[in-house]
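Asks: In the numbering used here, each residue's number is its place in the sequence shown (first place is 1) plus 8.
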Amino acid sequence: MTTTLTPDLAAQFARIALGHVTREYPHKLDHVLNGPEDARTPSQLHPIFHGSFDWHSCVHGYWMLLTLRRLYPDAPFAEEVVALADRMLTEDKVGAELAYLDREYSGGFERPYGWAWLLALHGEAARHQDRDWGANLEPLAREFAARFKLFLPKQGYPIRTGTHYNTAFALVLAHGWAMEHDADLTGLIAERAGFYYGMDKDCQAWEPGGDEFLSSAMIEALIMRIVLGKPDFAGWYSGFLPRIDIGDPPSLFTPAAPSDRSDGKIAHLDGCNLARAWCWRGIADALPEDLQGIADDLAERHIAASLPHVQGDYMGEHWLASFAVLALTAGAAEDQGR
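(1) Within the same chain, show all residues whose beta-carbon is closer than 7 angstroms to that of Ala285, passing over the 5 residues directly before and after it, in chain order.
(2) Is the Cβ-Cβ distance between Ile234 and Gly195 less than 9 angstroms?
(3) Measure the alpha-carbon distance for Leu193 versus Leu126 and round it to whole angstroms.
(4) Report yes or no: do the segment 87-98 and the segment 64-74 share at least 3 C-beta pairs separated by less than 8 angstroms?
(5) Looking at C-alpha atoms only, which residue of Asp298, Gly218, Asp219, Tyr80 is the closest neighbour of Ile252?
(6) When you compare the CB positions of Asn174 and Tyr245, do they come within less than 9 angstroms of one another, or not?
(7) For Thr175, report the span of its alpha helix (DSSP H) as first-last.
(8) Along the alpha helix (DSSP H) that carries Ser330, what are the first and last residues, could you check?
(9) Excluding the 5 residues preceding and the 5 following Ser65 in the sequence, name in chain order all residues of the same chain whose CB lies nearer than 6 angstroms to its CB.
(10) Which two residues bound the contiguous alpha helix (DSSP H) that contains Asn144?
(11) Just tell me which of Phe159, Ala91, Arg168, Ala275 has its CA closest to the CA of Glu215.
(12) Rounding to the nearest angstrom, what Cα-Cα distance links Gly301 and Ser51 in this structure?
(13) Can you list, in chain order, the residues of its chain with a C-beta nearer than 6 angstroms to that of Leu249? Leave out the 5 residues immediately preceding and following it.
(14) Check Arg284 in the structure and name its three-state DSSP category.
(15) One question on the structure: do Leu160 and Ala213 come within less than 9 angstroms of each other, judged by their Cβ atoms?
(16) In chain order, what are the residue ranges of uninterrupted alpha helix (DSSP H) at least 4 long that sit wholly in the segment 289-332?
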């Protein structure tokens, strides 16, 4: 039986996010002080994205809320999401978030994880054509798209660690946005993904690290599934993970086991399980038939390991539900991030 998003889970996730996207403290800033005048509170610096412990988690908290509103427009929580988004995703507040990016030393702000999630948020907001959210967020999305276009050609090597700096994850979300909004960025992402990963062979999948919330092996496979399409991906994948049929590498078959979910870094491992499930589901249709069942089973095992822990301690609660939604709504790879 395939575990999917249900109305009850959607309501649970919405309640979680509604409780934290405007919760200002505790907060971990990505902020360079150029002088004493820059010592300001999170909400003064970021009038929209000051909740959820950090900027990027707040961004994908809003992405999840808008996604759930689209999927369940008649749910009781949907009206609360609309009221919140109408209050927060305004032209003036987006303008203040955009102005923050003009500060000196802001070039590396939230690169690339937050960039990619902001594009995903705008892509989702644009689907809600009865509201102004997409139009209001578009200038901010265009700025981050421009930063991708400037940065990717000079990034000589992919970052493979399974944390916020991972290149493949950012490319997946950015590609989903670009397919609808920026043909030039779509082409650039395909070119860079091929450059970074096209020659990779016999992945050992030495993962996860102790604080990783992404599977470096599987997120690479997902971006290649997206940019190559089914026929070419099959050939690439047969060289990248050639022994999946015999359970090798074993690390990809074994869900991560967080030892302390109150530790923010160790709690990342629940995200790794959900992200692996998302990736397995995203590539399954392009695998040989004998491997598709393996992929489906692995997704289920990883979801089962961490779905019960989305709520509990704030160190996981402020972000994990977004990754659960990715896993539980995963479908065709071409739709990832959209």
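The C-beta atom is built at its ideal place from N, Cα and C for all residues, glycine as well.
Replies: For this structure:
(1) Numbered from its first residue, the sequence shown carries residue 285 at position 277. Excluding positions up to five away in sequence, the list reads Ala307, His310, Ile311, Ala335.
(2) Here residue 234 corresponds to residue number 226 of the sequence shown, with the count starting at 1. Here residue 195 corresponds to residue number 187 of the sequence shown, with the count starting at 1. The beta carbons of Ile234 and Gly195 sit no closer together than 9 angstroms.
(3) Here the question's residue 193 lines up with position 185 in the sequence shown. Here the question's residue 126 lines up with position 118 in the sequence shown. Separation of Leu193 and Leu126 (C-alpha to C-alpha, rounded to the nearest whole angstrom) is 15 angstroms.
(4) yes
(5) Position 244 of the sequence shown, counted from the first residue, corresponds to residue 252. Of Asp298, Gly218, Asp219, Tyr80, the residue nearest in Cα terms is Asp298.
(6) The count along the sequence shown starts at 1 and reaches residue 174 at position 166. The count along the sequence shown starts at 1 and reaches residue 245 at position 237. Cβ atoms of Asn174 and Tyr245: not closer than 9 angstroms.
(7) Mapped onto the sequence shown, residue 175 falls at position 167. Per DSSP, Thr175 belongs to the alpha helix (DSSP H) from 175-189.
(8) Numbered from 1 along the sequence shown, position 322 holds the residue referred to as residue 330. From DSSP, the alpha helix (DSSP H) with Ser330 extends over 328-336.
(9) Taking the sequence shown and counting its residues from 1, the one referred to as residue 65 is at position 57. Taken in chain order, the residues that qualify are His326, Trp327.
(10) Residue 144 sits at position 136 when you count from the first residue of the sequence shown. For Asn144, the enclosing alpha helix (DSSP H) begins and ends at 141-159.
(11) Against the sequence shown, residue 215 aligns to sequence position 207. The residue with the shortest Cα to Cα distance from Glu215 is Arg168.
(12) Residue 301 sits at position 293 when you count from the first residue of the sequence shown. Residue 51 sits at position 43 when you count from the first residue of the sequence shown. The straight-line gap from Cα to Cα measures roughly 47 angstroms.
(13) Position 241 of the sequence shown holds residue 249. Result list for Leu249: Cys211, in chain order.
(14) One-based indexing of the sequence shown puts residue 284 at position 276. The answer is helix: DSSP assigns Arg284 an H, G or I state.
(15) In the sequence shown, the residue the question calls residue 160 occupies position 152. In the sequence shown, the residue the question calls residue 213 occupies position 205. Contact flag unset, no.
(16) 297-314, 322-325
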